[in-house]
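*Asks:* Mind having a look at this structure? Questions to follow.
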Amino acid sequence: MFKHLKAVSGDPLLALIIAHKNDPNPKKIDLGVGVYKDDFGNTPILNTVKKAEAILLEQEDSKSYLGIFGASEFEPIIQNLVLGEGNELIRSGRIRSTQTPGGTGALKVAADFISANLQDARLWVSDPTWGNHKSIFHSAGVEVKDYPYYDPETNGLRFDDMMATLKAEVKEGDVLLLHACCHNPTGIDLQLDHWKALTDFVNERGLLPLVDAAYQGFGDGLDEDLAGLRYMAARVPDMLIANSFSKNFGIYRERCGGLSVIAETKDEADAALSIIGQAIRANYSMPPAHGAAVVYTVMSNPELKAEWELEVAEMRNRINGLREKLVAKLATSGVSKDFSFVKDQRGMFSYSGLTLEQVHALRNDYSIYIADTGRMSIAGVSDNNIDYLCESIVKVVG
Numbered sequence: 001m002f003k004h005l006k007a008v009s010g011d012p013l014l015a016l017i018i019a020h021k022n023d024p025n026p027k028k029i030d031l032g033v034g035v036y037k038d039d040f041g042n043t044p045i046l047n048t049v050k051k052a053e054a055i056l057l058e059q060e061d062s063k064s065y066l067g068i069f070g071a072s073e074f075e076p077i078i079q080n081l082v083l084g085e086g087n088e089l090i091r092s093g094r095i096r097s098t099q100t101p102g103g104t105g106a107l108k109v110a111a112d113f114i115s116a117n118l119q120d121a122r123l124w125v126s127d128p129t130w131g132n133h134k135s136i137f138h139s140a141g142v143e144v145k146d147y148p149y150y151d152p153e154t155n156g157l158r159f160d161d162m163m164a165t166l167k168a169e170v171k172e173g174d175v176l177l178l179h180a181c182c183h184n185p186t187g188i189d190l191q192l193d194h195w196k197a198l199t200d201f202v203n204e205r206g207l208l209p210l211v212d213a214a215y216q217g218f219g220d221g222l223d224e225d226l227a228g229l230r231y232m233a234a235r236v237p238d239m240l241i242a243n244s245f246s247k248n249f250g251i252y253r254e255r256c257g258g259l260s261v262i263a264e265t266k267d268e269a270d271a272a273l274s275i276i277g278q279a280i281r282a283n284y285s286m287p288p289a290h291g292a293a294v295v296y297t298v299m300s301n302p303e304l305k306a307e308w309e310l311e312v313a314e315m316r317n318r319i320n321g322l323r324e325k326l327v328a329k330l331a332t333s334g335v336s337k338d339f340s341f342v343k344d345q346r347g348m349f350s351y352s353g354l355t356l357e358q359v360h361a362l363r364n365d366y367s368i369y370i371a372d373t374g375r376m377s378i379a380g381v382s383d384n385n386i387d388y389l390c391e392s393i394v395k396v397v398g
């Protein structure tokens with residue numbers, strides 16, 4: 001039955017992680033894995049998460065099924081974090097939300113929803129985009145198209161080219177996928193003026209925006225990071241939002257996220273959520289409970305919520321500080337390349353501008369593991385390895 005099957009190549013980033021793990025060099029550095037790390041290379045559990053879990057251990061009284069949409073009390077948690085408390089869309093009932101298994105689960109449900117109900121829609125994604133975006137939507141039978149985004153010459157944003165391509169090629173009913181903040185993999189974000197121009201374009205062409213908000217809090221702030229999303233949400237008739245709690249709560253393995261649908265009326269939003277429920281039932285029946293219970297416990301307790309906001313700020317400030325340190329050390333090292341653009345990027349990742357040859361030299365000669373694209377996980381840099389990293393980059397780049 002299976003004799004005709006041929007093995008497929010695995011995820012290159014996962015292969016990079018394994019290669020790093022098996023490397024005996026004590027100076028090895030993993031800049032490939034996309035999780036937050038502290039200065040000792042650990043992915044810590046937040047204090048607020050530990051406190052919430054202690055509360056749950058004491059108070060939890062059932063492991064029964066949750067239901068298709070997860071815990072009902074979790075819906076306002078998703079909405080208040082994404083749109084801000086008291087948002088008009090929440091008050092009017094034009095937004096409905098469901099818990100999902102991480103942001104990936106939210107995107108998969110969105111893909112199935114689009115495939116079943118917007119059959120002629122094509123999905124437009126940035127070039128480059130998160131490596132799993134295309135796979136998720138292809139698996140649902142949605143055609144995926146690229147729009148220009150990253151400029152390797154300037155290590156910046158190709159916004160004019162992006163708009164020119166979209167204006168020339170998109171059609172009414174297409175879906176436009178945008179990264180809310182901390183663009184993965186480049187670290188290059190849309191600014192508010194870009195969001196304003198895109199909002200006008202979405203309305204003019206009758207497009208459905210799908211915003212992936214995976215890194216809220218890791219750019220400039222919990223509210224600041226979603227300013228563009230909130231601007232657009234207030235001005236378009238319809239929108240889908242996939243958000244993740246994996247990063248800003250550090251609960252990666254608990255698989256906690258949310259999918260929200262904004263519609264022109266409350267009745268339309270309710271109808272859309274009911275259809276999304278069918279996609280959930282056919283996918284995984286219902287989401288896991290623990291991660292959402294942790295998030296709810298933190299967000300519903302004013303003291304824990306305030307402490308959590310400080311923990312998110314600490315992670316954000318550490319990463320932004322590492323960007324500044326890396327740029328400063330490289331600038332004084334005599335390296336021939338200007339890396340100043342790295343400090344202007346946001347989030348865990350940076351498109352470093354390193355060539356494939358340079359990336360391979362860093363990996364083979366110095367045990368520094370960076371994706372072939374040059375994408376570097378800034379969270380993997382630390383005070384303990386930054387000198388060795390900069391010295392190695394100088395030797396490779398010249």
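Using UniProt numbering, you'd call the opening residue of the sequence shown number 1 and step up by one each time.
The beta carbon of each residue, even a glycine, is placed where N, CA and C say it ideally should be.
Would you kindly work out how many angstroms separate the C-alpha atoms of Arg346 and Arg323, rounded to a whole number?
*Replies:* As a first step, residue 346 must be located in the sequence shown, where it is residue number 346. As a first step, residue 323 must be located in the sequence shown, where it is residue number 323. Annotation: Arg346 to Arg323 spans about 9 angstroms, alpha carbon to alpha carbon.
*Asks:* Please state whether the Cβ-Cβ distance between Leu190 and Val82 is less than 8 angstroms.
*Replies:* Indexing the sequence shown from 1 puts residue 190 at position 190. Indexing the sequence shown from 1 puts residue 82 at position 82. The answer is no: Cβ separation not under 8 angstroms.
*Asks:* I'd like the list of long-range same chain contacts for Asn184, defined as Cβ closer than 8 angstroms, with 5 residues on each side in sequence excluded.
*Replies:* The count along the sequence shown starts at 1 and reaches residue 184 at position 184. Within the same chain, Asn184 has close Cβ partners Gly34, Thr129, Trp130, Ala214, Tyr215, Gly347, Met348, Phe349.
*Asks:* Would you call the CB atoms of Gly68 and Arg375 closer than 8 angstroms?
*Replies:* Here residue 68 corresponds to residue number 68 of the sequence shown, with the count starting at 1. Here residue 375 corresponds to residue number 375 of the sequence shown, with the count starting at 1. Per the sequence presented here, residue 68 reads as Ile, with Gly not at that position. Against a cut-off of 8 angstroms, the Cβ pair of Arg375 and Ile68 comes out as no contact.
*Asks:* Hey, would you say Met286 sits closer than 8 angstroms to Tyr65, going by beta carbons?
*Replies:* Mapped onto the sequence shown, residue 286 falls at position 286. Mapped onto the sequence shown, residue 65 falls at position 65. Yes, Cβ-Cβ distance for Met286 and Tyr65 is below 8 angstroms.
*Asks:* Decide if the region 138-146 is in contact with the region 289-297; the criterion is three or more beta carbon pairs, one per stretch, under 8 angstroms apart.
*Replies:* no
*Asks:* Confirm, please, whether the CB-CB distance from Gly103 to Gly257 is below 8 angstroms.
*Replies:* Taking the first residue of the sequence shown as 1, we reach residue 257 at position 257. Taking the first residue of the sequence shown as 1, we reach residue 103 at position 103. Yes, they are a contact pair.
*Asks:* Using the DSSP secondary-structure output, state which residues sit across from His179 in a beta bridge.
*Replies:* Counted from its first residue, the sequence shown places residue 179 at position 179. DSSP lists Asp212 as partners of His179.
*Asks:* If you reduce the DSSP assignment to three classes, tell me which class Lys63 lands in.
*Replies:* Along the sequence shown, one-based indexing puts residue 63 at 63. The three-state secondary structure of Lys63, taken from DSSP, is coil.
*Asks:* Among Asp372, Gln59, Asp61, Cys390, which residue has its Cα nearest to the Cα of Tyr351?
*Replies:* Here residue 351 is taken as the residue at index 351 of the sequence shown, counted from 1. The candidate whose alpha carbon is nearest that of Tyr351 is Asp372.
*Asks:* Might you give, ordered along the chain, the residues of its own chain that have their beta carbon closer than 7 angstroms to the beta carbon of Lys27, omitting 5 neighbours on each side?
*Replies:* If you number the sequence shown from 1, residue 27 lands on position 27. Closer than 7 angstroms at Cβ, skipping near neighbours: Ser367, Tyr388.
*Asks:* Could you tell me the alpha carbon to alpha carbon distance between Val205 and Gly156, rounded to whole angstroms?
*Replies:* Translated into the one-based positions of the sequence shown, residue 205 becomes position 205. Translated into the one-based positions of the sequence shown, residue 156 becomes position 156. According to the sequence shown, residue 205 is Arg rather than Val. So the two alpha carbons sit approximately 26 angstroms from each other.
*Asks:* Label His133 either buried or exposed according to how many other C-beta atoms from any shown protein chain fall within 10 Å of its C-beta, with 16 as the threshold for buried.
*Replies:* The residue you call residue 133 lines up with position 133 of the sequence shown. The residue in question, His133, is buried, as its Cβ has 16 or more Cβ neighbours within 10 Å.
*Asks:* Look at Leu123 and Leu198 and say whether their C-beta atoms are less than 8 angstroms apart.
*Replies:* Here the question's residue 123 lines up with position 123 in the sequence shown. Here the question's residue 198 lines up with position 198 in the sequence shown. Not a contact, by the Cβ cut-off of 8 angstroms.
*Asks:* Between the alpha carbons of Val359 and Leu208, how many angstroms are there, rounded?
*Replies:* Reading the sequence shown from its first residue, position 359 is the one you call residue 359. Reading the sequence shown from its first residue, position 208 is the one you call residue 208. If you take the alpha carbons of Val359 and Leu208, they lie about 38 angstroms apart.
*Asks:* With the cut-off set at 8 angstroms, would you say Thr48 and Gly70 are in Cβ contact?
*Replies:* Taking the first residue of the sequence shown as position 1, residue 48 is located at position 48. Taking the first residue of the sequence shown as position 1, residue 70 is located at position 70. The answer is no: Cβ separation not under 8 angstroms.
*Asks:* Between the region 261-271 and the region 37-52, do three or more beta carbon pairs fall short of 8 angstroms?
*Replies:* no
*Asks:* Given this structure, state the Cα-to-Cα distance separating Leu56 from Glu309, to the nearest angstrom.
*Replies:* In the sequence shown, residue 56 corresponds to position 56, counting from 1. In the sequence shown, residue 309 corresponds to position 309, counting from 1. Leu56 and Glu309: Cα-Cα distance of roughly 20 angstroms.
*Asks:* Quick one: Cα of Ala361 to Cα of Ile370, how far?
*Replies:* Translated into positions along the sequence shown, residue 361 becomes position 361. Translated into positions along the sequence shown, residue 370 becomes position 370. Their backbone Cα atoms lie some 10 angstroms apart in a straight line.
*Asks:* Any chance you could list the alpha helix (DSSP H) runs of at least 4 consecutive residues sitting entirely within the region 221-249, in chain order?
*Replies:* Given a length threshold of 4 residues, each whole run of the alpha helix (DSSP H) inside the region 221-249 is given here in chain order: 227-233.
*Asks:* Can you list, in chain order, the residues of its chain with a C-beta nearer than 7 angstroms to that of Lys266? Leave out the 5 residues immediately preceding and following it.
*Replies:* Position 266 of the sequence shown, counting from 1, holds the residue named residue 266. Excluding positions up to five away in sequence, the list reads Ser92, Gly93, Arg94.
*Asks:* Where do the ends of the beta strand (DSSP E) carrying Asp146 lie?
*Replies:* Translated into the one-based positions of the sequence shown, residue 146 becomes position 146. Boundaries of the beta strand (DSSP E) harbouring Asp146: 143-148, taken from the DSSP string.
*Asks:* Need the endpoints of the beta strand (DSSP E) that Arg375 sits in, please.
*Replies:* Counting from one through the sequence shown, the residue named residue 375 turns up at place 375. Start and end: 375-377.
*Asks:* What is the C-beta distance between Ala111 and Phe137, in whole angstroms, given that I count them as a contact (C-beta under 8 angstroms)?
*Replies:* Numbered from 1 along the sequence shown, position 111 holds the residue referred to as residue 111. Numbered from 1 along the sequence shown, position 137 holds the residue referred to as residue 137. With a Cβ gap of about 5 angstroms, Ala111 and Phe137 count as contacting.
*Asks:* Return yes when the Cβ of Arg316 is within less than 8 angstroms of the Cβ of Gly217, no when it is not.
*Replies:* For the purposes of this step, residue 217 is taken as residue 217 along the sequence shown, with counting starting at 1. For the purposes of this step, residue 316 is taken as residue 316 along the sequence shown, with counting starting at 1. Arg316 sits close to Gly217, with the two beta carbons spaced by under 8 angstroms.
*Asks:* Can you tell me whether Asp127 is helix, strand or coil according to DSSP?
*Replies:* Residue numbering aside, residue 127 sits at position 127 when the sequence shown is read from its first letter. Three-state result, Asp127: strand.
*Asks:* Near Asp174, what residues of its chain come up, given a Cβ to Cβ distance below 7 angstroms and the 5 sequence neighbours on each side ignored?
*Replies:* Here residue 174 is taken as the residue at index 174 of the sequence shown, counted from 1. Within the same chain, Asp174 has close Cβ partners Ala121, Arg122, Trp124, Leu207.
*Asks:* Let me know if Lys171 comes out buried or exposed under the rule of 16 or more other beta-carbons within 10 Å of its beta-carbon.
*Replies:* Here residue 171 refers to the residue found at position 171 when the sequence shown is read from its first residue. When all chains shown are included, Lys171 counts as exposed.
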